[in-house]
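Numbering (our numbering), first residue to last: 3 to 401.
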Ligand code: C5P
């Protein structure tokens, strides 16, 4: 699972740094490319020469090279990484990561990293148990970092307790397991609708809604990160996919969205309908701008738009999975389940406008998921849309 992966190994100054040599060796043996970033203190515990020899790459400690003035770009490094591992992570480094104290190259790289970050704490048992360390570790967890729990064992102080860094083999296994799980949609084709639709009144006006596409694009990124071949049929939005390889088909109206989806759905294994499709469109859109003085427009004739989810539901094959969303204001569960049945969905993700922080435009969401096969609904607390996307994709993979 680690073959060809770019791994930034951040080493901070604890006695467990002596294990970093084995860690680098195991990672390289597993086929990974390793770039070591050390804090200045870490150099007291293990020689950079050992690590540069084992990794085959110069070790970075300073922001720039004193001899040449060459700048070490933490931004490039953060983008290069498929994952970052901080091992050992001392109490001080964990605190700096939690608060963004960017006074060394390890922390600036951490703050620039877009990839998952693994943290392997290593410290004396009392430091580990201290409320501030525990709070900082919880903060890191809340940022989405993955904590590789330290073991109980003999520590450098000769005391026995929790604080012993996970062995290099255990760290490599945690990474390999992560990449294995994060590849569970490999080979699957996923269609996602996202954003609002604009229904043209005339060349400068439309009927639309407040959808920003954030939830749909978060799902697209999550599915792509897990190996899927993703196409987003997207109404007009400002967001862009973060993952490479997410194909975007831009449309404006519900009709155009339906046409694009029909073509894509035939090839898809999974379709997730997050778009806030306008229910109605003007019956006779004007070719020229409607002038206020001349028309005295008092009403607008509307026609009903096609229901894209329901239409795909009618042609759905047994090997396809169709997932819908329901944004409700009242009778949430009942309405969502009725929609799931009517549209032949396999799963529906319900969010309620009664929950502050859920719905259009927010960066968070709080969802409950219902299943057509009768399994128990899954209710989640308020989370970032990226984390909600992970929960939803986990459920889809289970289905
Ligand atoms: O009926 P309602 O609009 O609440 O249903 C929401 C679900 O149906 C969402 O998954 C949405 O993307 C989809 N939908 C659609 N086409 C429509 C209306 C809704 O695909 N015209």
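Every residue gets a Cβ at the ideal spot worked out from N, C-alpha and C, and that includes glycine.
Give the single residue among 355, 196 and 341 whose Cα lies nearest to the Cα of residue 332. 355
Got a sec? Which residues, its chain only, sit under 8 Å from residue 103 by beta carbon, not counting five neighbours each side? 97 and 109
Under DSSP, the beta strand (DSSP E) around residue 306 begins and ends at which residues? 304-306
So, do the stretch 253-266 and the stretch 174-189 have three or more beta carbon pairs nearer to each other than 8 Å? no
Which residues in the same chain as residue 252 place their Cβ atom closer than 6 Å to its Cβ, once the five residues preceding and following it in sequence are excluded? 236
Simplified DSSP state of residue 354, which is helix, strand or coil: strand
The beta strand (DSSP E) with residue 282 in it runs from where to where? 282-284
Stretch-stretch touch, CB-based, cutoff 8 Å, three pairs: the stretch 266-281 with the stretch 305-319: yes
Can you give the Cα-Cα distance for residue 188 and residue 295, rounded to whole angstroms? 58 Å
Taking a contact to mean a Cβ-Cβ separation below 8 Å, would you say residue 53 touches residue 10 in this structure? Taking 8 Å as the Cβ cut-off, residue 53 and residue 10 do not qualify as a contacting pair.
Where does residue 57 sit, in a helix, a strand or coil, going by DSSP? Reduced to three states, the DSSP call for residue 57 is helix.
Tell me the residue span of the alpha helix (DSSP H) that contains residue 129. 127-131
Presumed contact (8 Å Cβ cut-off) between residue 366 and residue 384, rounded CB distance: Residue 366 to residue 384, Cβ: 5 Å. Contact.
When the distance is taken between beta carbons, is residue 165 closer than 8 Å to residue 107? No; because the gap between Cβ atoms is not below 8 Å, this pair is not in contact.
What's the gap between the Cα of residue 151 and the Cα of residue 92? 13 Å
Quick check: the stretch 209-218 against the stretch 193-201, are there 3 or more CB pairs under 8 Å? When C-beta atoms of the stretch 209-218 are compared with those of the stretch 193-201, three or more pairs fall below 8 Å, so the two segments count as touching.
What does the alpha-carbon distance come out to for the pair residue 1 and residue 341? A question about residue 1 goes unanswered here, because the residues of the chain that appear run from 3 up to 401.
Would you mind listing the beta strand (DSSP E) stretches within the stretch 165-249 that are 3+ residues and don't spill past its ends, in chain order? With a minimum length of 3 residues, the unbroken runs of beta strand (DSSP E) contained wholly in the stretch 165-249 fall at 191-196, 201-204, 207-209 and 231-236.
Per-residue DSSP class, three states only, for residue 99: helix
For a test of the three-state rule: what should DSSP assign to residue 258, helix, strand or coil? helix
Mind the definition here: the stretch 223-243 touches the stretch 283-292 only if three or more C-beta pairs lie below 8 Å; say whether that holds. When C-beta atoms of the stretch 223-243 are compared with those of the stretch 283-292, fewer than three pairs fall below 8 Å, so the two segments do not count as touching.
Just the Cα atoms here: how many angstroms apart are residue 162 and residue 271? 52 Å
Kindly indicate which three-state DSSP category residue 298 falls into: helix, strand or coil? coil
Just checking my contact of residue 347 with residue 374 at CB under 8 Å: how many whole Å lie between their CB atoms? 6 Å
Once you ignore the five residues that flank residue 21 on each side, which residues in its own chain have a CB closer than 6 Å to its CB? 170
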